[in-house]
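First the structure, in the form of structure tokens, and then the observations on it.
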Amino acid sequence: MKQLMKRLVPRPLWNFVRSTRNEVRFQSALKEFTDNPQKSLSPQSDVLPRLIAGWGNEGWSALSEYLVASLRAVNELDGDTLECGSGLTTVLMGIIAQKNGTRIWTLEHHAQWGDRVGRALKRNNITSVTLCASPLKDYGAYAWYNPPLNAMPDWFALVVCDGPPTDTKDGRFGLLPVMRAKLKAGTVILLDDAIREEEQEIAARWAKELGVEVQMLGSEKPYIRLRL
Numbered sequence: 140m141k142q143l144m145k146r147l148v149p150r151p152l153w154n155f156v157r158s159t160r161n162e163v164r165f166q167s168a169l170k171e172f173t174d175n176p177q178k179s180l181s182p183q184s185d186v187l188p189r190l191i192a193g194w195g196n197e198g199w200s201a202l203s204e205y206l207v208a209s210l211r212a213v214n215e216l217d218g219d220t221l222e223c224g225s226g227l228t229t230v231l232m233g234i235i236a237q238k239n240g241t242r243i244w245t246l247e248h249h250a251q252w253g254d255r256v257g258r259a260l261k262r263n264n265i266t267s268v269t270l271c272a273s274p275l276k277d278y279g280a281y282a283w284y285n286p287p288l289n290a291m292p293d294w295f296a297l298v299v300c301d302g303p304p305t306d307t308k309d310g311r312f313g314l315l316p317v318m319r320a321k322l323k324a325g326t327v328i329l330l331d332d333a334i335r336e337e338e339q340e341i342a343a344r345w346a347k348e349l350g351v352e353v354q355m356l357g358s359e360k361p362y363i364r365l366r367l
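Numbering (my numbering), first residue to last: 140 to 367.
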């Protein structure tokens, strides 16, 4: 039936209907998450899968261990969070931070994507996120974001690293040299896409320079955890 409707209904109208349906789903699930984030993170809850589908990331595993780990860390750690790359996680971490009195600093190099995330934050009155438009900068040996360091806090309790894109010069390594002064004892770094060899190599380099151990966690969507 769905395929028949797609053939009969003009594409612009079909896209509008699908977009509207996803937005309704998203807002409904987001209200449930806002009312009780902890309940929404339980394995029995269907809130996260509904949020992911409504956001438009149907291909992203509804059982994303990295997403859950990031949200729990924001709730448990006492301090601000640095997020590298924006998305649904930005919105959800912002809700938790707003309840806890902490702040999310998000770096995003893609202007159009950043605008989408910014609209979602504004629509849902999430004021705990500083969304920084941060084009990638060539630092010579690597490329990374160009963050507003002087405006940022002295340290971050948590770093959620899901950017920049892997094909950036030296991948995500630039986090350490650019942000080193703001990563102090107790800071936790969560690195996504740990199934990739490139991310494993970067984490090993970080660990060597910081003198810490690499923890590989998760089975369905592996991620890496480092604690300074």
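Even glycine gets a Cβ: it sits at the ideal position worked out from N, Cα and C. Predicted model, so just to flag it, every value in this text is computed and none were measured.
Helix, strand or coil for residue i? Go by DSSP, reduced to three states.
i: tryptophan 294; result: coil
i: valine 256; result: helix
i: alanine 272; result: strand
i: threonine 173; result: helix
i: isoleucine 265; result: coil
i: serine 200; result: Residue confidence is low: serine 200 scores 46 on pLDDT, short of 50, so the model does not pin down where it sits. No coordinate-derived value is stated.
i: alanine 282; result: strand
i: glutamine 183; result: coil
Go to residue i, then tell me how far its beta strand (DSSP E) extends in each direction, as first and last residue.
i: tyrosine 362; result: 362-366
i: lysine 276; result: 275-277
i: glutamate 247; result: 243-247
i: glutamate 222; result: 220-223
Compute the distance between the beta-carbons of residue i and residue j, then report whether it is under 9 Å.
i: threonine 266; j: threonine 245; result: no
i: leucine 365; j: tryptophan 345; result: yes
i: valine 230; j: alanine 250; result: no
i: methionine 232; j: serine 203; result: no
i: proline 292; j: aspartate 219; result: yes
i: isoleucine 234; j: leucine 169; result: yes
i: leucine 367; j: valine 327; result: yes
i: glycine 253; j: glycine 302; result: no
i: glycine 195; j: glutamine 166; result: no
i: leucine 322; j: leucine 349; result: yes
i: isoleucine 363; j: alanine 333; result: yes
i: asparagine 263; j: threonine 173; result: yes
Name the two residues that bound the continuous alpha helix (DSSP H) containing residue i.
i: leucine 227; result: 227-239
i: tyrosine 205; result: 204-215
i: glutamine 177; result: 176-179
i: arginine 189; result: 186-194
Counting Cβ pairs, one atom from each stretch, are 3 or more of them under 8 Å apart for the region 279-292 and the region 333-345?
no
Secondary structure, beta strand (DSSP E): runs of 3+ residues fully inside the region 285-346
297-300 and 327-330
Could you tell me whether the region 210-219 touches the region 290-297, where touching means 3 or more Cβ pairs closer than 8 Å?
yes
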